[in-house]
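Accompanying notes for the structure given below.
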Amino acid sequence: MHTISRRDFVRTAGALTAAATIAGASQAVAAEGTDGIAWDHETDVLVVGCGTAGCAAALEAYDAGADVLIVEKYDWMGGTLRRCGGGVAAADTQVQRALGVKDNPEDFFQFIMKGCEGYPNEELVRDWTMNSASVIDWLIDDLGGLPADQWGFSDDIEGGLEYSHDTGLNVGTPTTFDEIGMSPVPRTHWFPANEDDPILAEPEKYFYYPSPGGTGLWQLVNTAMDKRGIQTLTETTFASLITADGSNEVIGAVCESGGSEIRIKARKAVILACGNFASNKELFRNYTGEDYEPNAMGGMGIDLPTDNDGSGILAAQALGAELVFPSLVGKNHDTPTGFSAGMAGVKVDLNGRVIDVFGKEIPRLYAAGLTAGGIIVKNYPCCGSSVSRSLYFGRKSGTDAAKLESWS
Ligand SMILES: Cc1cc2nc3c(=O)[nH]c(=O)nc-3n(C[C@H](O)[C@H](O)[C@H](O)COP(=O)(O)OP(=O)(O)OC[C@H]3O[C@@H](n4cnc5c(N)ncnc54)[C@H](O)[C@@H]3O)c2cc1C
605 MHTISRRDFV
615 RTAGALTAAA
625 TIAGASQAVA
635 AEGTDGIAWD
645 HETDVLVVGC
655 GTAGCAAALE
665 AYDAGADVLI
675 VEKYDWMGGT
685 LRRCGGGVAA
695 ADTQVQRALG
705 VKDNPEDFFQ
715 FIMKGCEGYP
725 NEELVRDWTM
735 NSASVIDWLI
745 DDLGGLPADQ
755 WGFSDDIEGG
765 LEYSHDTGLN
775 VGTPTTFDEI
785 GMSPVPRTHW
795 FPANEDDPIL
805 AEPEKYFYYP
815 SPGGTGLWQL
825 VNTAMDKRGI
835 QTLTETTFAS
845 LITADGSNEV
855 IGAVCESGGS
865 EIRIKARKAV
875 ILACGNFASN
885 KELFRNYTGE
895 DYEPNAMGGM
905 GIDLPTDNDG
915 SGILAAQALG
925 AELVFPSLVG
935 KNHDTPTGFS
945 AGMAGVKVDL
955 NGRVIDVFGK
965 EIPRLYAAGL
975 TAGGIIVKNY
985 PCCGSSVSRS
995 LYFGRKSGTD
1005 AAKLESWS
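Each residue of the sequence shown is one higher than the last, beginning at 605 in my numbering.
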């Protein structure tokens, strides 16, 4: 087991400092003795962001036996999961089978790779698409989502071959199938809304989508977290990672809460699930050389205007994380810069472990959801793919993090 001695130091890799010098992604160093740290909270696995990937990670880490704590910057929980359309793309699922739809994971894999013009990390996409049905199984069998025999096609669309946000199964994004020359397959599962969710009464405040199926997904996840007693510190904004001296091993995080700085000890790992940087205009300009105004629909249909300030990506980069940013390499006139730039994220392995610029894993650091790059890049080929991959890899990161031995 790894232990930290009195002589060890703590380094905070500051997101804010790094933000000022993003081109070089410098390290902020505040050295002090480990014993001198007054930890305000302790947990095994600290999850940053109570949204799609974060909740999935928290549930799996908890079920694998770890203590879990989530920090969320808003005074409410659910992230984009709660405000999304509720579509989840997956192949060869129990719902498809119940509706007589023939699909296979290899076609889904080809669809994502071709839809993203070959830019994604093939290994990550293969892992997710080959196993995407597990996300639907989890939502239905484990969390109590609409049983397979109660699903229909959306809006009574014949065979689900047209686009709709209505509850049910449909083709998601017909145009991509046309563009890449594949036969359309209904594989976007639009879950029903929770009509009682209070955010539906205040769309401006919460920026919820016109088709509010995400409230239903959030209800499933939130109920499961409540049952387990998983705690979320709301109005607590992650700022930076704390590492043991002499390495980039992550041992906790600095957050801001009520105007004060708090330090949270993470005995096993920190999982960054706090979105990308599509809403951070300064970072955006640094990377693209262009100005970008999120449109009324949010940054680009997969993020929201105020949420994605890049804090997770910057903190990981300050420890050497590689930024996966292939979307602009092939920038063409059909792809708005904002759309593709927002798909940047840090490099991860199949378990969500963050990989540095030398190809080595950063100890005890994970990223999931939009904080992780390389899965959906260049284009957004299919409605439902962002929630699907965020839940899939969020779950994997939680399971893997829980297996680590504590450093203290
Ligand atoms: C309007 C809309 C509709 C959509 N509909 C669909 C759909 O139907 N299907 C689909 O697949 N995709 C959809 N998407 C995209 C999809 O919902 C998102 O891409 C996905 O949910 C992102 O998951 P995530 O875990 O990365 O982020 P989120 O779910 O947004 O979670 C990130 C969380 O981190 C918090 N956070 C951020 N910074 C900090 C910080 N510094 N400290 C603490 N907390 C922080 C945020 O407040 C948030 O709660 C939609 C997107 C939008 C905008």
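In this text, a Cβ means the ideal position worked out from N, Cα and C, and glycines have one as well.
Predicted model, so just to flag it, every value in this text is computed and none were measured.
Within the region 854 to 896, complete alpha helix (DSSP H) segments of at least 4 residues are found at 885 to 892, given in chain order.
Within the chosen limit of 7 Å, ligand 1 reaches the beta carbon of E676 through at least one heavy atom.
When DSSP states are grouped into helix, strand and coil, F757 belongs to the strand group.
Looking at E1009, I979, Y984, the one whose alpha-carbon comes closest to that of G998 is I979. Within 7 Å of the C-beta of A877 there is at least one heavy atom belonging to ligand 1.
Short note on C720: C-beta not closer than 7 Å to any heavy atom of ligand 1. Taken in chain order, the unbroken stretches of alpha helix (DSSP H) that lie wholly in the region 639 to 708 and span 4 residues or more are 656 to 667, 683 to 687, 698 to 702. A distance below 6 Å between beta-carbons, with the five flanking residues on each side excluded, links R832 to the following residues of its chain, in chain order: Y666. In the three-state scheme derived from DSSP, where H, G and I count as helix and E and B as strand, N735 is classed as coil.
Contact annotation: the region 702 to 719 does not touch the region 967 to 976, with fewer than three C-beta pairs closer than 8 Å. Looking at the backbone, the Cα of T777 and that of M734 are separated by about 20 Å.
For V958, there is no enclosing alpha helix (DSSP H); the residue is part of the beta strand (DSSP E) that begins and ends at 957 to 959. In this structure, V692 has its beta carbon less than 7 Å from a heavy atom of ligand 1.
In this structure, the CA atom of K718 is about 34 Å from the CA atom of Q823. Relative to ligand 1, the beta carbon of A670 is positioned no closer than 7 Å to any heavy atom.
As DSSP reads the structure, E726 sits in no beta bridge.
In this structure the region 778 to 796 lies against the region 981 to 993, because at least three pairs of beta carbons, one per stretch, are closer than 8 Å.
DSSP, reduced to helix, strand and coil, places P807 within a helical segment of the structure shown. Looking at the DSSP output, Q835 bridges to L673. The beta carbon of L804 sits closer than 6 Å to the beta carbons of P816 from its chain, once the five residues preceding and following it are set aside; these are given in chain order. Here the alpha carbon of G763 sits roughly 23 Å from the alpha carbon of G818. Judged by their CB atoms, R867 and W680 are not nearer to each other than the 8 Å cut-off. Distance check between L728 and each of F713, V739, D741 places F713 closest, using alpha-carbon atoms only.
Selection G691, K809, A695 evaluated against H769 yields G691 as nearest (Cα-Cα). With the rule of 3 Cβ pairs closer than 8 Å, the region 683 to 703 counts as touching the region 745 to 753.
The straight-line gap separating the alpha-carbon atoms of E886 and K1007 is approximately 38 Å. For the set F881, A919, G862, the Cα lying nearest the Cα of V874 is the one of A919. Apart from the 5 residues on each side of it in sequence, Y996 sits with its Cβ closer than 6 Å to the Cβ of W732, V739 in its chain, given in chain order.
Comparing alpha-carbon positions, the option among S989, V672, L876, L927 lying closest to G963 turns out to be L927. Per DSSP, A922 lies in no beta strand (DSSP E) segment; the continuous alpha helix (DSSP H) that holds it begins and ends at 915 to 922. Excluding sequence positions up to five before and after M829, its CB lies within less than 7 Å of the CB of C659, A662, L663, all in the same chain and listed in chain order.
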